[in-house]
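Numbering (the working numbering), first residue to last: 406 to 560.
Report on one structure; see the data block that follows.
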Amino acid sequence: MVSNQRAEPQQHPPSARRTEGDRQRRRTLADAAAGLTAKVKRFRCVIYLSGVEGVDVDLHRQGCQETAEVLGWEVAAVIVENDRRAVPPWEREGLISALGLLRRGEAGAILTAWRSMISPSVDEYKRTLREIDEDGGFVYAKRLTGPEETNEATP
């Protein structure tokens, strides 16, 4: 049976959160799927590891590189910070460098071994996530829990 009612126009979500790089990558993927081109740029990430006493950072670096490979991601940089002074994440040189790669569009995600490598404090972690989200990126933590987890801000 044929209906003479008009279909409602589809409402598309706003694309304001997508960067030009994201839009270009989507166009390239769609072209490749249509057989128009064979060149597809791989998603890039930054591996960020923050040293904790008694933790083998090299083992976690290898695990993160394997995770990136399984996900089909290209590793843009590996940043390891062994200096774990009591400073918030936004004051750590290595994490600032990782954020810079996100801002410049050289990477789309920060890959880390566990959430507390960004910050052991849930409040600081959430604040850092907001900043990363504003830069158009995200954090992929292999594990959510690790040593030194706390629920309050670090002094």
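C-beta atoms are modelled at their ideal positions from N, C-alpha and C, and glycine is treated no differently.
Just so we're clear, the structure is a prediction, and the values are computed from it rather than from any experiment.
- If you check the CB distance, R466 and V451 do not come in under 8 Å.
- Boundaries for T424: no beta strand (DSSP E) harbours it, and the DSSP string shows neither H nor E there.
- For C450, the pairing in a beta bridge is given by DSSP as V480 and A514.
- Look at A503 here: in three-state DSSP terms it is helix.
- Among the bridge pairs identified by DSSP, R548 is matched with W519.
- For D528, the enclosing alpha helix (DSSP H) starts and ends at V527 to E539.
- Annotated as proximal: A518 and G468, with beta-carbon spacing under 8 Å.
- Here V544 is buried. Its C-beta has 16 or more other C-beta atoms within 10 Å.
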